[in-house]
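Residue numbering for the sequence shown follows our numbering, starting at 9 and increasing by one per position.
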Amino acid sequence: MSEVAHQETHGFQTEVKQLLQLMIHSLYSNKEIFLRELISNASDAADKLRFRALENNALFEDDGEIRVRVSVDKDAGTITISDNGIGMTRDQVIEHLGTIAKSGTKDFFSKLTGDDAKDSQLIGQFGVGFYSSFIVADEVTVLTRAAGETADRGVEWKSKGEGDFTVADIEKTTRGTDIILHLKEEEKEFLDAWKVRSIISRYSEHLSLPVQMWKDEVPESEGEDGEKIAAIPGEWEAINDGSALWTRDKSDISDEEYKEFYKSVTYDFDEPLKWVHNKVEGKTEYTSLLYIPKRAPFDMWNRETKNGIKLYVQRVFIMDDAEKFMPTYLRFVKGLVDSNDLPLNVSREILQDNKVTQSIRSGNVKRILQTLTRMAENDAENYAIFWKEFGNALKEGPAEDFANKEKIAKLFRFASTDKDTSEQCVGLDDYISRMKEGQDTIYYITADSFEAAKNSPHLEVFRKKGIEVLLMAERIDEWMMSHLTEYSEKKFQHVSKANIDLSDLDDEETKKAHEETEKEFASFVERAKTALGDKVQEVKVSHRLTESPAVITTGEFDMNTQMAKLLEAAGQAAPESKPIFEVNPEHALVKRAADEADEEMFKEWVEMLLEQATLAERGSLKDPASFVARLNRLLLKA
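Rendered as structure tokens:
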């Protein structure tokens with residue numbers, strides 16, 4: 009290697025400076041992550057070379073044996089990770105080692121708290137690739153040359169992680185990348201070759217290329233019988249077997265190996281909740297290894313984040329985030345697909361309408377839904393963890409996957425009037441098993457919060473009759489229910505609808521009493537209609553209230569309050585619809601209003617009752633000041 013030339017100094021991107029400070033100054037509980045990250049990067053470089061070489065075999069440069077080598081030098085205090093993969097050009101070195109250009113970067117940094125311990129744990133959770141070098145090193149040197157370039161196009165990158173780095177031209181006879189870590193004094197434990205071997209063995213067993221370390225020469229010796237034992241020369245020895253984990257028989261893979269593979273491909277420190285490994289033969293041949301994580305990624309709700317699983321074709325890595333193999337509502341699923349039927353030059357465009365893609369996607373969805381169903385039935389504790397993390401994503405399913413709507417709905421869990429807290433959830437099958445005799449409808453309510461749903465006036469009659477109601481308080485729920493109209497041949501019914509009829513559950517005496525009450529309050533209803541004018545669609549006597557004086561409901565085909573609020577929050581105008589005003593004839597305030605002879609005061613009373621009901625239903629009023637003034641006037645006259 010010749011002397012360096014054309015040397016330049018560059019400053020790190022702001023985000024990199026922030027990250028390096030955390031690396032250098034934070035106590036990191038799992039420092040060995042740097043080996044996982046750097047070996048994973050080397051594996052990616054090998055995958056890229058294999059893929060590029062499909063069209064240009066000359067990139068192998070007469071060296072088709074791709075591998076990663078890790079070596080330690082105790083005298084120099086260095087550990088080196090070398091690969092003969094795709095390598096980098098000078099421009100690529102500056103771009104990849106001076107900036108963080110990955111999607112979700114802003115989300116990552118928005119999570120930083122300033123607490124070293126918490127921030128360093130965040131680094132470990134999400135992985136930081138090359139920059140993890142500075143966890144253990146006070147200086148890092150990178151020597152690289154892109155495959156296909158001449159020896160004089162090598163590049164040296166060097167930095168102490170203090171805000172800048174230098175880039176220089178060098179001569180490098182071999183393609184690929186060497187990363188030399190000059191270890192900090194307190195990190196010299198990583199100069200122990202056996203320690204490094206054990207770490208690499210744990211992280212690299214799944215890789216489809218050998219990871220090698222130098223095995224020292226064994227000198228000539230003499231046996232017990234005096235016979236000389238020949239010397240064994242030193243050599244590079246593979247630590248792993250170089251076979252991709254997913255190609256092995258399931259019975260030969262331990263749970264620990266599955267878990268370590270998951271961590272290495274997702275950079276997640278948590279173990280997965282479940283995984284499913286399948287080899288499909290027949291009309292379509294492929295292997296899939298899919299994982300259900302324990303925690304949602306920090307950028308799961310970032311619309312710009314690419315989601316999907318890794319695609320291999322005949323064990324050759326093709327692309328990350330192959331979204332066509334998994335629907336959006338299952339975007340939390342991680343893993344890979346290795347197909348024998350897709351072409352090696354497959355592109356995202358080819359995947360779009362490919363029959364093989366559709367077959368694999370269908371199989372993946374089937375297996376994930378089956379796995380979740382078994383978990384829900386047999387492992388309630390872990391399923392509760394899953395639902396808390398990914399339930400809202402799964403709720404997108406009925407709109408996206410009509411064919412599996414019933415299977416998806418079976419997995420849903422909701423708070424309920426049958427439970428005390430929002431953490432206690434019930435499934436739709438549980439709900440149906442508790443339905444009252446004669447009940448053929450699944451009742452639910454949507455609201456801004458669990459407390460608002462649980463305390464809604466709409467629930468009063470349901471509590472009185474002992475009818476369970478599902479309490480939905482997530483923003484997605486109202487939209488989801490517009491696509492989920494029935495389950496197990498039972499219709500869904502929002503309890504705020506005016507057309508709810510529970511009379512089939514009443515005895516004859518109750519029905520007769522209701523008829524009498526409606527006759528007695530007929531004049532009140534007419535006066536209220538006149539007083540309120542076009543503010544309401546209709547005024548009626550309510551049999552759904554036991555404690556509240558009034559409530560507003562919506563017509564059968566009118567938009568629910570929650571959906572209207574969602575549209576308004578998104579800057580869209582909701583279709584105009586007037587509420588139906590229902591009053592409780594047994595409530596003291598309603599009786600007081602009915603006894604009011606002065607029509608102006610009567611109007612004050614019914615408008616106050618309407619505004620109270622609107623506030624309880626919508627959480628806000630268009631003119632709260634008028635409501636307060638009206639309430640004060642009535643209080644002063646009381």
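We treat Cβ as the ideally placed atom computed from N, Cα and C, and that holds for glycine.
From the DSSP output, in three-state form, read off residue i for me.
i	result
Glu524	helix
Asn640	helix
Glu157	coil
Lys332	helix
Asn286	strand
Arg552	coil
Val469	helix
Gly72	coil
Asp127	For Asp127, the predicted structure reports a pLDDT of 48, less than 50, and the residue's modelled location is therefore unreliable. A value from the coordinates is still provided. Helix at Asp127.
Tyr266	helix
Arg77	strand
Phe500	strand
Ile416	helix
Thr88	strand
Ser296	strand
Lys645	helix
Phe589	strand
Val354	coil
Thr429	coil
Leu629	coil
Leu35	Its pLDDT being 42, under 50, Leu35 is placed unreliably in this model, and the value from its coordinates should be taken loosely. Looking at Leu35 - three-state DSSP - the assignment turns out to be coil, as it is neither helix nor strand.
Glu7	With the chain covering only 9 through 646, there is no way to say anything about residue 7.
Gly135	Low confidence applies to Gly135: its pLDDT is 41, below 50, so where it sits in the model is not reliable, and the reading given next is rough at best. It is coil, neither helix nor strand.
His104	helix
Confirm, please, whether the CB-CB distance from residue j to residue i is below 8 Å.
i	j	result
Val163	Thr152	yes
Met609	Arg638	no
Gln545	Ile508	no
Ala155	Leu67	yes
Ser140	Leu189	no
Val477	Arg552	no
Trp254	Leu297	yes
Ile143	Phe42	yes
His491	Pro406	yes
Lys4	Glu564	Residue coverage of the chain in this structure runs from 9 to 646, which leaves residue 4 outside it and unanswerable.
Thr429	Val284	no
Pro632	Asn592	no
Val341	Ile376	yes
Phe398	Tyr452	no
Thr569	Ser585	no
Glu607	Val559	no
Report back the beta-carbon spacing between residue i and residue j to the nearest angstrom; my notes put them in contact at under 8 Å.
i	j	result
Lys236	Glu230	6 Å
Pro280	Tyr294	Not really, about 21 Å apart at Cβ, beyond 8 Å.
Leu350	Phe333	Actually they are not in contact, since the Cβ atoms of Leu350 and Phe333 sit about 11 Å apart, beyond 8 Å.
Ala184	Leu217	For the sequence presented, residue 184 should be read as Gly rather than Ala. Not confirmed; about 12 Å, so no contact.
Val503	His466	4 Å
Lys82	Leu199	5 Å
Arg471	Thr425	7 Å
Ile261	Ser209	No, Ile261 and Ser209 are not in contact; Cβ-Cβ is about 15 Å, not under 8 Å.
Thinking just about the alpha-carbon of each residue, which of the options is nearest to the one in residue i?
i	options	result
Phe20	Glu195, Val101 and Glu555	Val101
Thr554	Asn65, Lys267 and Asn463	Asn463
Ile416	Asp428, Lys403 and Ile300	Lys403
Asn400	Leu467, Met480 and Ser504	Met480
Thr274	Lys599, Lys520, Ile143 and Tyr299	Tyr299
Ser48	Ile89, Glu73 and Asp70	Ile89
Ala411	Asp426, Ser370 and Leu380	Ser370
Asp485	Val549, Lys39 and Leu574	Leu574
Glu445	Thr429, Trp283 and Gly474	Gly474
Leu105	Asp71, Gly85, Asp172 and Asp160	Asp172
Val150	Thr86, Ile207 and Glu195	Thr86
Asp328	Leu338, Phe340 and Asn315	Asn315
Glu389	Asn372, Glu523, Gln432 and Thr562	Gln432
Val80	Ile187, Arg471 and His18	Ile187
Glu228	Gln220, Met221, Val219 and Ile240	Ile240
Asp437	Ala461, Arg303 and Glu385	Glu385
Arg323	Gln620, Asp257, Ala330 and Ser347	Ser347
Ile74	Ile261, Gln220 and Thr454	Gln220
Ala455	Asn640, Phe635, Val549 and Ala572	Ala572
(message) Three or more C-beta pairs under 8 Å: does that hold for the stretch 435-446 against the stretch 528-544?
(response) no
(message) Across the stretch 534-545 and the stretch 611-627, are there enough close Cβ pairs to call them in contact, namely three or more that are closer than 8 Å?
(response) yes
(request) Count the CB pairs spanning the stretch 487-499 and the stretch 406-425 that are closer than 8 Å, and state whether there are at least three. (result) yes
(message) With a threshold of 8 Å, are at least 3 pairs of Cβ atoms found where one atom belongs to the stretch 51-61 and the other to the stretch 91-101?
(response) yes
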